[in-house]
Amino acid sequence: MERWDRIKSTVLDVVGNTPMVWLQRIGTDGGARIAIKLESLNPGGSIKDRIALSLIQDATKSGRLLPGGTIVEATAGNTGAALAMAAAVLGYRSMFVVPDKMSAEKVALLRAYGSDVKIVADKPRSDPDNYQHIARKLAESIPGGCYMGQFERDANPEAHFLSTGPEIWRDTGGELAAVVAGAGTGGTITGIARYLKAQNPTIQVVGADPEGSILSGGSYRPFKIEGMGEDYVPATLDMDLVDRWIAVSDDDAFAMARRMAREEGLLVGGSTGAMVVVAQTIARELSATQLVVAVAPDTGRNYLNTIFSETDYEG
Ligand SMILES: Cc1ncc(COP(=O)(O)O)c(C=O)c1O
Numbered sequence: 123m124e125r126w127d128r129i130k131s132t133v134l135d136v137v138g139n140t141p142m143v144w145l146q147r148i149g150t151d152g153g154a155r156i157a158i159k160l161e162s163l164n165p166g167g168s169i170k171d172r173i174a175l176s177l178i179q180d181a182t183k184s185g186r187l188l189p190g191g192t193i194v195e196a197t198a199g200n201t202g203a204a205l206a207m208a209a210a211v212l213g214y215r216s217m218f219v220v221p222d223k224m225s226a227e228k229v230a231l232l233r234a235y236g237s238d239v240k241i242v243a244d245k246p247r248s249d250p251d252n253y254q255h256i257a258r259k260l261a262e263s264i265p266g267g268c269y270m271g272q273f274e275r276d277a278n279p280e281a282h283f284l285s286t287g288p289e290i291w292r293d294t295g296g297e298l299a300a301v302v303a304g305a306g307t308g309g310t311i312t313g314i315a316r317y318l319k320a321q322n323p324t325i326q327v328v329g330a331d332p333e334g335s336i337l338s339g340g341s342y343r344p345f346k347i348e349g350m351g352e353d354y355v356p357a358t359l360d361m362d363l364v365d366r367w368i369a370v371s372d373d374d375a376f377a378m379a380r381r382m383a384r385e386e387g388l389l390v391g392g393s394t395g396a397m398v399v400v401a402q403t404i405a406r407e408l409s410a411t412q413l414v415v416a417v418a419p420d421t422g423r424n425y426l427n428t429i430f431s432e433t434d435y436e437g
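Residue numbers for the sequence shown follow this note's numbering, so the first one is 123 and each next one is one higher.
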């Protein structure tokens, strides 16, 4: 054995292989058991670490991103942190356009990695000033700029097909009845569903969706949950793979995120709160010998001044 062969080459080599943990108190009032997959344990702090390298490799292979270039992306924060981390390792500059509903902690985080951040008003995609359109135009206006396109490029769901899905299958021994995930770009739920359904088509794929998002039906209105829910169906979301959508209110999602910290010792974000609410609903429809897996995209550390600050926050 080489002396130091257990030491990883870069931080990018420790992305993925996140653990799953049983819920011990929440959702144990009958029905299936619930386990959550802790994506906050990726080195950049969220599930988006998985797509950063995949998007960058896609851009370099196609010649859109050249050495010394600038990575530009529209992000609600986590993709930005993941890309900023990868950009630092690989020697690219990075620049992010974020909606103003994003938490201050996430903006500070991007700046900590040395990225430029442009904060814009949170507008629907039909508006020319929507953050995705602004990011694309910004990339075109910068020499060496490359728009990463997490909402449109196959490299996004592909990363989850190659890692997140197989990990869930491996760590459950294939013995799961349902998986719950949210959809922002839809990369997570599409990639996981594609993999798991290829192994066992009876696995139920359930989308957790903020009330106000169109994915679960209904018309669009703004919501506070970050990272998931949309006012259109992104190219990276294959709706045919999702068996069912369940909508959750901001209040219910955030209350559950607070319970997760206090009752389970799991400091998770608001979207995970929504996922756990949905997992509970699904678990009640199943039997005690079955398993529901919920994918927890990020950590509550991103939301200490919002979700976890009840006195100041009107959410
Ligand atoms: C905070 C957060 N980040 C990332 C994701 C993953 O989204 P997607 O892969 O659909 O873009 C979600 C989905 O729920 C989320 O809530």
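Quick reminder that beta carbons are idealized off the backbone N, C-alpha and C, glycines included.
Please read all numbers here as calculations on a predicted model, not as lab measurements.
Neighbourhood of residue i by C-beta distance below 7 Å, restricted to the same chain and skipping five residues each side
i, result
"residue 283", "313, 316, 317"
"residue 152", "406"
"residue 188", "266"
"residue 146", "386"
"residue 186", "268"
"residue 474", "As displayed, the chain neither begins before 123 nor continues past 437, which places residue 474 out of reach and without an answer."
"residue 262", "none"
"residue 436", "For residue 436, the pLDDT reaches just 49, beneath the cut-off of 50, and the residue's location in the model is therefore unreliable, leaving the point undetermined."
"residue 254", "196, 247, 273"
"residue 321", "291, 296"
Beta-carbon contacts of residue i that lie in its chain and below 8 Å, excluding the five residues immediately before and after
i, result
"residue 319", "325, 327, 363"
"residue 403", "368"
"residue 256", "196, 219, 240, 242"
"residue 294", "142, 157, 413, 415"
"residue 132", "211"
"residue 336", "342, 352, 353, 354, 355"
"residue 383", "389, 390, 422, 430"
"residue 365", "326, 327, 328"
Cutoff 6 Å; reference residue i; Cβ partners in own chain excluding five residues on either side
i, result
"residue 136", "130, 165"
"residue 252", "245"
"residue 144", "157"
"residue 360", "312"
"residue 429", "376, 379, 392"
"residue 171", "137, 164, 204"
"residue 434", "Confidence in residue 434 is poor, its pLDDT being 47 and thus under 50, which makes the residue's placement unreliable; the coordinate value appears in the next sentence. None."
"residue 431", "none"
"residue 67", "The question about residue 67 has no answer, for the chain in this structure spans 123 to 437."
"residue 274", "357"
"residue 258", "269"
"residue 215", "192"
"residue 348", "198"
"residue 231", "203"
"residue 338", "331, 367, 369"
Assumed close pair residue i, residue j - CB separation to whole angstroms, cut-off 8 Å
i, j, result
"residue 373", "residue 332", "Contact doesn't hold; Cβ gap of about 11 Å is too wide."
"residue 409", "residue 154", "7 Å"
"residue 305", "residue 350", "6 Å"
"residue 390", "residue 370", "Going by Cβ atoms, the distance from residue 390 to residue 370 rounds to 14 Å, so no, they are not a contact pair."
"residue 203", "residue 167", "6 Å"
"residue 358", "residue 279", "6 Å"
"residue 424", "residue 228", "5 Å"
"residue 174", "residue 207", "7 Å"
"residue 161", "residue 148", "So it is not a contact: roughly 18 Å between Cβ atoms."
"residue 260", "residue 194", "6 Å"
Segments assigned alpha helix (DSSP H), at least 4 residues, entirely inside the region 226-289: Taking only runs of at least 4 residues, the alpha helix (DSSP H) segments lying wholly in the region 226-289 are 226-234, 253-263, 277-281.
Sequence ranges, alpha helix (DSSP H) only - wholly within the region 150-217, length at least 4: If one requires a minimum length of 4 residues, the alpha helix (DSSP H) runs lying completely within the region 150-217 are 171-183, 200-212, in chain order.
Alpha helix (DSSP H) segments (min. 4 residues) lying fully within the region 318-357: The region 318-357 contains no whole alpha helix (DSSP H) run of 4 or more residues.
Residues near ligand 1, criterion Cβ-heavy atom distance below 5 Å: For ligand 1, the selected residues are 200, 304, 305, 306, 307, 308, 309, 310, 349, 350, 393, 419, 420.
Stretch-stretch touch, CB-based, cutoff 8 Å, three pairs: the region 186-202 with the region 217-225: Touching, yes, given that three or more Cβ pairs across the two stretches are closer than 8 Å.
Runs of beta strand (DSSP E) wholly within the region 363-423 (minimum 3 residues, chain order): Within the region 363-423, the complete beta strand (DSSP E) segments at least 3 residues long are 366-370, 413-418, listed from N- to C-terminus.
Cβ contact (3+ pairs, closer than 8 Å) linking the region 173-181 and the region 404-424: No, the region 173-181 does not touch the region 404-424.
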